[in-house]
Every structure is written in C-alpha cells, then in structure tokens.
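Only one structure is covered here, and it is reproduced in the block below.
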RNA sequence: GCCCCCAUCGUCUAGAGGCCUAGGACAUUCGGUUUUCAUCCGAACAACAGGGAUUCGAAUUCCCUUGGGGGUACCA
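So this is what it looks like as structure tokens:
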C-alpha cells in the first residue's frame, strides 16, 4: 500500500491539501503502508520557489513526514537506476521528469494509442462555435485521428506545431470502485473528445504526468479531492493505454465555506492558508484533529484523537461522502482543548513567542508570578495570538476609552471610591488575595451591592476588562500602589459629582 | 447546456431494514457554581429535503423531483 500527496507550488499551503495529505497518511498508517510526497511544479508560470518553501514548512509544522519511494526499476523504459526526479529529501519533483514523460508519449504514438493533432487554437475555436450554433455539445471532434503517418511527418517537417492527444477509441464506459463512493462510471463520450496529453511546447499535461509519476512511484491508492473525479476517468484511460495496473481511487469530499463555496485561496484567502493558523497560534495537533474530524469520526476516541489513534480503527469506506463546511468555532474548541492539555513549560514557550512582553525574563514579575498569571488565563485562550489581550494590564497601563467600560465605571464609582478609602485605611493586606476579597465583600455589605454591580467597576478600573482572574489575585500581583493609581485614574473618567 | 458526485439538528457527525421516541460533539439558550466575568457542572433547543416504490416494518434499499457541489482547457 502506497499513498501520496502531490501539491503544486502555485500558492500557500492550502487547508484542503493538508486534509488530503492527512487522509493519505492515515490510510497508509492504518495499513502499514508508505506515504510519498511529489511536487507538481511543472507549471513554470505559476510555480514559485517561495511557495515550495512555504508548503514544506507547513508540512514540517504539522509534523507530516513522508517516505522515500523506490520506483519501478524493473519496468523502466529509460536509463537511470533510481526514480528520476527523486531528491535527497525524499521528494519527487515533477519538473525534473520531463524526459520521462516524453518517452511515454512517444511510446503511445508508436503504438498508435495517441496521435498528433495539428489543429490550431483558432480552428478549434471555430469548431466549437459551429457546434454551439448547431446546439450540439461543444467538444473536440477527434478530427486528427485519421491523419496518416506520412501526412503527420510532412506537417512536422514543415514545422507545424501540434499537440498529442490520447485516442479514446470507441465510446465506452470507464468504471472504478471508488474507495469512498463505491462504483463510479463515466462514459468516454462525455470527456470532451480525445484529451490533449502533450502541449505544443512539448510539455505534458497534468493528467498524463500524474499517471506516469504515480505508476513509477508505484502508488497503489490515490486519495484526493472529489474535484478530481472526472480527471480520474481520463487518467484511467491513460493507464489502460499504457498497460499500467490501475490503482485504487478514493475521492474525498471538499471543504466549503458557510455559503457552500469551495474553500479557495483566491476567494477566501487567509482562512484557506495553513500559514494563517500557524501565525495566529493554533496548535498543529488541533488543526490536524479538526481537519480529520470533518468527514471522519473515531468510534474509539470520539472527537479528540491523534493521527496514530485514528489509524487504529480507520475505515476508508466510512469517510463521509458529503462536503464539510468550515467551522472556525469547532476549530477553536479543538485548539482550546489541546492548549489545556499542555504543561506549563510548553505553554510558556508558545505564549512567549506570541506576546510582545518579555515573559521569560521579566522585570515586573518573577517566573512563578508569570506562571500564576498565565495559568489563570490559559483556559480562555482560543489561540496564542490572543495572549496579550488577556495579560496586558499586568504589564502596562491603559486608557479607558471604550464607552461600555466607561459606563460601568461611571455607574459604579461609589464602589471604586469606597475601595480607595478602604485601601487608604490600611486594613487590606496586599500579599493576601483573601484579604482583598474580604475587603471587596465588606464594601458590598456596606453599600448593599452584590454581583456585577460590585465587581465589575473594580475589575474594569484595574484591568479594563470585564473578564479575567479573581480580583484579589490581580490585586496581589499588581500591588497596592498600582491599584490605587488605576482606581484614581478610572475615577477621572466618571462624570464629576464631588 | 452536458456529465459526474452529494443530501440526518445552524455546523461536524452516529446510524449498514426492526435496537430510532434518531445518539454524540461544536454553537446557541436557560439553570447551578463563581456574590462578577471566564472556567466547570446540569439541562433545554434542534434534523432524517419532497414524492413514490419494495417490505409486516425504511433515516437506512430502488426510482423520480428538488436542492447543493464538482467537472466540462494546449491549468494543476
């Protein structure tokens, strides 16, 4: 059992690519097979080295690794001993395999299974126009099938450009037993005429290169998105023409956005790019779990599982057939769950990377205080990017500008006034959070206030937040001076009464 | 247009003819805890797209309709 992922470096690492990779890894793992990586970098116009690097970094971040393929040495039609295009990194680069691809094209032409088509783009356009006018289905009419060898050679001699097309032969039905969908069949007459397999530039087309490469890499099971279903029919026709054994295919459902659009780099930008999750402080394991959890669920582990755990009872046939809608809330839930399972050292590492404050070498707080602070807020972190909005008031002063917050201060100024005078009386111990808490309680009794009315004004005054750790906890860490200072400056925001 | 794929709570899903009064998770709402917020705990809300057929019995099988999606290149 050999599976693979074959991304093309024409953009950032896409969530869909990762999901497909994950299922291939999972499937291979389940059957103690191998998983390979091929870079489909033949589109020189759109491929960029920068994207290649991003994709590789993304895979590294996600902790997805691959095996090194050996290839079909015995059946090789060309010289080298090892798989052409295989790098030391175990990656097969399609762009290095052009000669290999061409050799197979030649073979197909010689065997009469493919032919040269000299029709120009203009001719083909005219043909389609005419078909349209006649209300026929627009497709290539296989006009060049009949060109004789002599005529073809003559035209080549004249330097006329040509493409190579695969001869699909008589209309017939191509059927395969899809690993996920069951039997799928497509009539060759619906394929739009004999497909081009080599461009006039000499470069082979995607569908052809894929077949050659998958064959030589000995891929046995191809799991890919369902947007490839009609490619599969064409590819099977190529496998048949070449006499290659046909691998198993499985077509995964796509990921959609809420408006049921295919998640695309162009239209949905950031959310489609893995890099976004990395830079916002998602845990790779959470993203992996989320992605696997759409379309598959583990009978044994329920919602939360690693790839290794999922592999224990993975059944390819029970992967969902219908598309999954991207749900950031569920991803966030996974991420919170994974964060909560991290130990403090791990959290500190992440949090330090995302905070603008120097947490590991801090002048205001010692390491154990930092630990208290971080552990007090870690439960409310969707992603590490949010760290500073939860801890900033510990490290720096703030301006109370938000009208909601000012309103809370204004309505609760008596509480604040009372708290200031209580602190002034010297009866509160700022080394003991219970002392502070009891103090606040006594204010509640005195003013006959409780709940929100009592706590919110103080909380907002000292943290500019409506949520966070215990007030006593915050007060002890910030200290008496800072608390008084913040209470007083909060009062400046109130409408003056005295 | 043509071809192909898909169809269970708002979302991800469980469900392989009777275990389904359709289960779980996320989200939402309401309680409890926290004299506040968050956390945590408990509960509620909420779905088999529609119509036929097969069957003693259908979310599960078949057909049609509808809806959604994908493909239809000398892109990958």
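In the numbering used here, the protein residues as written are 6 to 503.
By construction, the Cβ of each residue, glycine as well, lies at the ideal position given by its N, Cα and C atoms.
Assign residue i to one of three DSSP states: helix, strand, or coil.
| i | result |
| --- | --- |
| residue 22 | helix |
| residue 397 | helix |
| residue 253 | strand |
| residue 209 | strand |
| residue 515 | Only positions 6 to 503 of the chain appear in the structure, and residue 515 is not among them; the question remains open. |
| residue 144 | coil |
| residue 436 | coil |
| residue 97 | strand |
Can you tell which of the options has the C-alpha that lies nearest to the C-alpha of residue i?
| i | options | result |
| --- | --- | --- |
| residue 427 | 125, 449, 390 | 449 |
| residue 325 | 348, 298, 309, 65 | 298 |
| residue 7 | 67, 227, 135 | 227 |
| residue 250 | 472, 217, 455, 184 | 217 |
| residue 142 | 197, 352, 187 | 197 |
| residue 126 | 421, 107, 205 | 205 |
| residue 548 | 405, 267, 439, 423 | The chain is shown from 6 up to 503; residue 548 falls before or after that span and cannot be answered. |
| residue 355 | 101, 284, 265, 155 | 284 |
| residue 293 | 19, 11, 23, 12 | 23 |
| residue 186 | 323, 440, 339 | 323 |
| residue 35 | 175, 317, 230 | 317 |
| residue 320 | 21, 26, 31 | 31 |
Leaving out five residues on either side along the sequence, give the residues of the same chain with a beta carbon under 8 Å from the beta carbon of residue i.
| i | result |
| --- | --- |
| residue 396 | 360, 362, 378, 379, 382 |
| residue 169 | 110, 113, 114, 119, 120, 121, 122, 201, 202, 203 |
| residue 420 | 448, 452, 454, 458, 459, 462, 463 |
| residue 222 | 7, 9, 41, 43, 74, 76, 88, 97 |
Quick one: residues in its chain with C-beta nearer than 7 Å to the C-beta of residue i, no 5 flanking neighbours on either side, listed in chain order?
| i | result |
| --- | --- |
| residue 468 | 398, 479 |
| residue 79 | Caution is warranted here: a pLDDT of 44 is assigned to residue 79, below 50, making its placement in the model unreliable, and the coordinate value is therefore given only provisionally. So no residue of the chain qualifies. |
| residue 236 | 212 |
| residue 117 | none |
| residue 239 | 196, 200, 212 |
Locate the beta strand (DSSP E) running through residue i, then write down its first and last residues.
| i | result |
| --- | --- |
| residue 36 | That residue, residue 36, is in no beta strand (DSSP E); it is neither H nor E in DSSP. |
| residue 203 | 201-203 |
| residue 192 | 187-192 |
| residue 181 | 178-183 |
| residue 152 | Note, residue 152: premise wrong, no beta strand (DSSP E); not H, not E. |
| residue 10 | 7-10 |
Would you call the CB atoms of residue i and residue j closer than 8 Å?
| i | j | result |
| --- | --- | --- |
| residue 199 | residue 147 | yes |
| residue 57 | residue 44 | yes |
| residue 95 | residue 87 | no |
| residue 192 | residue 120 | no |
| residue 300 | residue 258 | yes |
| residue 341 | residue 386 | yes |
| residue 425 | residue 493 | yes |
| residue 14 | residue 69 | no |
| residue 17 | residue 279 | yes |
| residue 384 | residue 345 | yes |
Please report the residue range of the alpha helix (DSSP H) in which residue i lies.
| i | result |
| --- | --- |
| residue 355 | 349-359 |
| residue 128 | 126-138 |
| residue 465 | 457-468 |
| residue 112 | 103-115 |
Any heavy atom of the ligand NAP closer than 7 Å to the Cβ of residue i?
| i | result |
| --- | --- |
| residue 89 | The ligand NAP is not part of the structure shown, which contains no ligands of any sort. |
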